[in-house]
Amino acid sequence: MSTVEAPSLREQVTLIDLVDRVLNKGVVLTGDLTLAVADVDLVYVGLRVLLASVATLEPGPEGAPAT
Amino acid sequence: MIHVYAFAEELDELPESAGLDGAPLERRSVDGVTAVFSRRAAPSSQESLRDDALAHGAVVDALMERATAVLPVRFGEVVADEAALDASVEARVATFRRAFEDVRDCVELALRVWAAAAPEAETPVTGADYLGARAAEESQRRAAVDSLDRDVSSLARAVSLRGGTAAPGELLGAAYLVPRRRLDDARRVVQAFADAHEGLTVVFTGPWPPFSFVEEPA
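Going down the list, the sequences are from chains A and B.
In terms of the numbering used here, the first sequence has 18 at position 18, counting the first letter as 1, and numbering is strictly consecutive.
In the numbering used here, each residue carries its 1-based index in the second sequence increased by 1000.
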């Protein structure tokens, strides 16, 4: 992940929406998940932090954070 | 083990990209339901989980262009072998066909709205005036967001409010199953709302495969 340029608000929310869908939604085949719940939780902790930070940003004219 | 990405209806060709761990994508059909899968030696490690989940999403996304309907499978679902995969599909063929019907020609759009920033009072006001103004503003926002939700819902075949990860102060977090031909209409409605409400942050993502609209009722 590059630190040269902050990803736009929209890109960050897109990442969150994607992970939300892939890990949490969709057809459940067997219910025998190979994922460790703790590992999924780790991904989610990161997402919640990211979302809390983007939620406080005000988008500029092109959806980029204003400050 | 076999990692399953999605079930597809009338899939023409597999995407050229590889699946997880670089394994080739494979397909297998039972009664018109095509499972798309790849083989893995072991499940994702903690370090690779996020990248693998994104790669799973990319495969499902690529299938959306190549089939009349796609039912995304939640990341991490595996079966032991082909026989187990076939058995699992055979037991649910009728359910999958109904689900194809539900999502055919549709994509999922996700919409979030939250208050952008606390408004600054321009002139000093009393505490009571301030609270009254805040309450009025809050109820105006609610009404505006409800009306946006109704407008987008009117273009959608289904709506899911089953939340994902919510932003603090999120006023709306919803997913809409929208026919492709109405995608531009939905975008216009949301853009017009965003233009008219500068105090609100509006983020519309997608089109997504219909992840939020394929779960069977419990």
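By construction, the Cβ of each residue, glycine as well, lies at the ideal position given by its N, Cα and C atoms.
These numbers were taken from a predicted model, which means no experiment stands behind them.
Residue i: buried (16+ other C-beta within 10 angstroms of its C-beta) or exposed?
i                : result
S1139 of chain B : exposed
S1038 of chain B : buried
E1108 of chain B : buried
E1009 of chain B : buried
P1210 of chain B : buried
R1050 of chain B : buried
D39 of chain A   : buried
D17 of chain A   : buried
How about residue i and residue j: do their beta carbons lie closer than 8 Å?
i                : j                : result
G1206 of chain B : A1110 of chain B : yes
A1069 of chain B : F1100 of chain B : yes
I1002 of chain B : V1078 of chain B : yes
Rounded to the nearest angstrom, what separates residue i and residue j at their Cα positions?
i                : j                : result
V19 of chain A   : A1128 of chain B : 43 Å
E1090 of chain B : V28 of chain A   : 15 Å
S1044 of chain B : A1144 of chain B : 43 Å
A1055 of chain B : L1131 of chain B : 48 Å
R1028 of chain B : R1181 of chain B : 30 Å
Y1005 of chain B : A1136 of chain B : 48 Å
A1083 of chain B : T30 of chain A   : 14 Å
W1208 of chain B : S8 of chain A    : 19 Å
A1035 of chain B : Q1046 of chain B : 26 Å
E1026 of chain B : T1095 of chain B : 22 Å
M1064 of chain B : T1126 of chain B : 56 Å
S1088 of chain B : V45 of chain A   : 33 Å
P61 of chain A   : T14 of chain A   : Confidence at P61 of chain A is low in this model, with a pLDDT of 43, below 50, so its placement is unreliable and no value can be given for it.
D1021 of chain B : V37 of chain A   : 21 Å
E1013 of chain B : A1058 of chain B : 16 Å
A1042 of chain B : R48 of chain A   : 28 Å
Shortest alpha-carbon distance to residue i belongs to which of the options?
i                : options                               : result
R1112 of chain B : B:D1149, B:A1091 and B:M1064          : B:D1149
R1098 of chain B : B:V1059, B:V1033 and B:L1020          : B:V1033
A1196 of chain B : B:E1170, B:R1141, B:V1004 and B:T1068 : B:R1141
T56 of chain A   : B:A1166, B:E1215 and B:P1179          : B:A1166
A1175 of chain B : B:L1085, B:P1168 and B:A1186          : B:A1186
P1072 of chain B : A:R10, A:Q12, A:E11 and A:K25         : A:K25
L1085 of chain B : B:V1030, B:D1012, B:S1160 and B:G1173 : B:V1030
L988 of chain B  : B:V1060, B:G1019 and B:D1184          : Outside the displayed range of chain B (1001 to 1218) lies residue 988 of chain B, so it cannot be described from this structure.
R1160 of chain B : A:E11, A:R21, A:R10 and A:Q12         : Correcting the residue identity first, residue 1160 of chain B is Ser in this sequence and not Arg. Taking only the C-alpha atoms, the option nearest S1160 of chain B is A:R21.
Could you pull out every residue in the same chain whose Cβ sits closer than 6 Å to the Cβ of residue i, ignoring the five residues on either side in sequence?
i                : result
A1158 of chain B : L1177 and F1213
Near residue i, which residues of its chain fall below 7 Å by C-beta distance, leaving aside the five closest residues on each side in sequence?
i                : result
A1116 of chain B : G1199, L1200 and T1201
A1194 of chain B : V1202
Which same chain residues, not among the five before or five after residue i, have their C-beta less than 8 Å away from its C-beta?
i                : result
L1171 of chain B : V1113, W1114, A1115, R1141, R1142, V1145 and L1200
V1190 of chain B : L1111, L1148, V1152, V1202 and F1204
Can a CB atom of chain E be found closer than 8 Å to the CB of residue i?
i                : result
S1017 of chain B : Among the chains of the structure shown, chain E does not appear; the protein chains present are A and B.
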